[in-house]
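Each protein sequence line maps, in turn, to chains A and B.
Each residue of the first sequence is one higher than the last, beginning at 39 in my numbering.
Each residue of the second sequence is one higher than the last, beginning at 39 in my numbering.
Every residue, glycine too, gets a C-beta built ideally from N, C-alpha and C.
These notes concern the structure reproduced below.
Protein chains: 2
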Amino acid sequence: MKRERIEEIADLLNKRGRLTLEQLDDFFPNVSQMTLRRDLLQLEQQGRIIRVRGGAMSVKEVQKVSGEPYAKKSASNADAKLRIAQKASNLIDAGCSLFMDGGTTAMCLAKEMPDIDVHVFTNGLAVAIELSQKKNVSVTVLGGQVIKDNLSTASPVAKDYFENTNFELAIISASAFTPDIGFSCGSMIEADLLKMARQKAKTLYMMLDSSKIGKIMPHTFARLEDIDVLITDDDFPNDMKELFRQKNIVVM
Amino acid sequence: MKRERIEEIADLLNKRGRLTLEQLDDFFPNVSQMTLRRDLLQLEQQGRIIRVRGGAMSVKEVQKVSGEPYAKKSASNADAKLRIAQKASNLIDAGCSLFMDGGTTAMCLAKEMPDIDVHVFTNGLAVAIELSQKKNVSVTVLGGQVIKDNLSTASPVAKDYFENTNFELAIISASAFTPDIGFSCGSMIEADLLKMARQKAKTLYMMLDSSKIGKIMPHTFARLEDIDVLITDDDFPNDMKELFRQKNIVVM
DNA sequence: TGAAAATTGATAATAATTAACAATTTCTTA
DNA sequence: TAAGAAATTGTTAATTATTATCAATTTTCA
């Protein structure tokens, strides 16, 4: 009872980096704040977290290069991304081979990923490092020049590389989506990569949090009908869901 | 006035790890607690400290108490590695293009690297992320499967990749060295990569801390006479230095 | 020099944390 | 299995830390 809750809190903190007591309270509605406080105290004594005013933060989070732009960015819409990542992680079976991008949603997924025998291709450096923590996951990084603001790689030779590479599944996310423009992102070379990934994969899962709807970015890499499964959060509008379902796309 | 005080506080925190507001007040009797609070706030915004109830703690302190395997390893002989990295960083000029490996010494160098216009090729994920923090450094990661225990990549196709890649300088380090076996490391595929890097580079700098002397690892990637400059620490034995100098290798 | 900006200090208002104890649950072991 | 001990939990009150506010002071720079 207690033990499990404490482990859950530790997990949560490792994934989210930092939480307020109120947020914790939302996650554990059936225990009092005082209990959560006591749990945090215990975790602090174990050296696993740091209690700060208002809540606590994960030691691991602090150990990651502090102040990096990436860590900051990953905070936006963290709740939705976490839930999307959780859904996505349930769709991954042992023995499969998949592609993931290097975005912040992918990073959430990397943290949520079960430690099972899978092979992951990714162009995200942080994603690769996160996945390397797992014993059973093998990881391949696509080489290329590092894009500093999202710590992912992009390379014109990726195409050649993909020639001899096989994966059933691609799980990617977009920076923007509208029904007529489709899924788009800010960098052409990244769009290129994602396009290749989707063509190569048998099945394409798109992770899209609702804040991306209606936005347009310069480079489209997939149209609505290109995807097989849409993974999103609860705020995703119903009429939009219907649009996907009409094209036989699974929405979850 | 303010600037200095803030620096002093940061220093103090780095030395003491953690301080209460009262302790800080003792150190700075001529400013009010409120001022110290504001200083701490500012330091927190810079990501240099973490404010906790009652006071603050140094981020560096937290980073020390690490559990990750990579972070652990990088602690061994940290002093020597830091000094070696500092020496190496002075040898890097603006405008140059260089290769670095993904080892812990390279990681130190990445941290010490001046923020100047250089291009770095590396197979180290952590190295790449660290270098990405610098505005003027552009980074290319070599793709490949991730070796989990040192977070670097290795790939049989690296060879093809190197075909069209040019750099003047390779700065690498070895896991082991003896005069007759040469420089060696534990993984064949890594040895292969390093061999290619040294053949490709006009100049080869080897960073070798003295603890590596006399050790032998399975795969040799360079002989004594292959290198141009040896960068080492003060404990490096003199007779060994002489050996290098006889071959016209600069020892520093 | 003199006005604007930044820094600082004192106090009040707010919020978070701890302390204390009773109520509940879980664990022993007779 | 039932009584008692130990651990866990919740509620409230007390304490403490933090933030907000505004006036006073210092610094900056035109």
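Residue-chain proximity (Ile186/A, chain B), Cβ-Cβ < 8 Å: A small correction: the amino acid at residue 186/A is Lys; Ile does not occupy that position in the sequence shown. For Lys186/A, the answer is yes, since a Cβ of chain B falls inside 8 Å of its Cβ.
Chain B within 8 Å of Thr191/A, Cβ atoms only: yes
Complete beta strand (DSSP E) runs within the stretch 173–221 of chain A (minimum length 3 residues, chain order): 175–179, 182–185, 190–192, 207–211 and 214–216
Proximal residues to Asp266/A (C-beta, below 8 Å), its chain only, five neighbours per side dropped: Thr241, Leu242, Tyr243, Ile287 and Val288
contact_flag[the stretch 166–177 of chain A, the stretch 190–204 of chain A] where n(CB pairs < 8 Å) is 3 or more: no
Same chain only: Cβ atoms within 8 Å of Ile254/A, ignoring 5 sequence neighbours per side: Ala214, Thr216, Ile219 and Ser222
Whole-angstrom distance between Phe205/A and Ala235/A, CA atom to CA atom: 9 Å
N-terminal and C-terminal residue of the alpha helix (DSSP H) that Thr270/A is part of: Looking at the DSSP string, Thr270/A is not in any alpha helix (DSSP H), and its letter there is neither H nor E.
is_contact[Tyr199/A, chain B] using C-beta, thresh 8 Å: yes
Three-state secondary structure (DSSP) of Val97/A: helix
Neighbour flag for Gly181/B against chain A, beta carbons, 8 Å: yes
Best match in Ala212/B, Asp64/B and Arg261/B for proximity to Ser249/B [C-alpha to C-alpha]: Ala212/B
Secondary structure of Leu74/A, DSSP reduced to three states: helix
Phe259/A - DSSP class collapsed to helix/strand/coil: strand
Local conformation of Ser249/B per DSSP, three classes: helix
Assumed close pair Val179/A, Val179/B - CB separation to whole angstroms, cut-off 8 Å: 6 Å
Span separating the alpha-carbon of Ser104/B from that of Arg86/A: At Ser104/B, the pLDDT of 38 sits below 50, so the modelled position is not reliable; the number obtained from the coordinates is stated separately. Between Ser104/B and Arg86/A, the C-alpha separation is close to 10 Å.
CB contact check: Arg121/A to chain B, cutoff 8 Å: no
Asp230/A versus Met226/B - alpha carbon distance: 33 Å
Beta-carbon gap between Ile210/B and Asp139/B smaller than 8 Å: yes
Nearest to Leu81/A (by Cα), restricted to the options Gly92/A, Glu45/A, Arg91/A and Asn68/A: Glu45/A
Straight-line Cα distance separating Asp187/A from Ala94/B: 29 Å
Proximal residues, the stretch 79–94 of chain A versus chain B, C-beta separation under 8 Å: Gly85, Ile88, Arg89, Val90 and Arg91
Inter-stretch contact at 8 Å, needing at least 3 Cβ pairs: the stretch 143–163 of chain B / the stretch 118–134 of chain B: yes
Cα-Cα separation, Leu74/B to Arg91/A: 17 Å
Separation of Ala166/A from Ala109/B, as counted between CA atoms: Only weak support is given to the placement of Ala109/B: the predicted model assigns it a pLDDT of 42, under 50, and the value that follows is read from those uncertain coordinates. For Ala109/B and Ala166/A, the distance between alpha carbons rounds to 16 Å.
Beta carbon of Arg54/A nearer than 8 Å to that of Ala144/A: no
Three-state secondary structure assigned by DSSP to Ser135/B: strand
Nearest-angstrom Cα separation, counted from Thr142/B out to Lys111/B: Here the model assigns Lys111/B a pLDDT of 44, short of 50, so the residue's position is not dependable, and the following value carries that caveat. Going from the Cα of Lys111/B to the Cα of Thr142/B covers about 8 Å.
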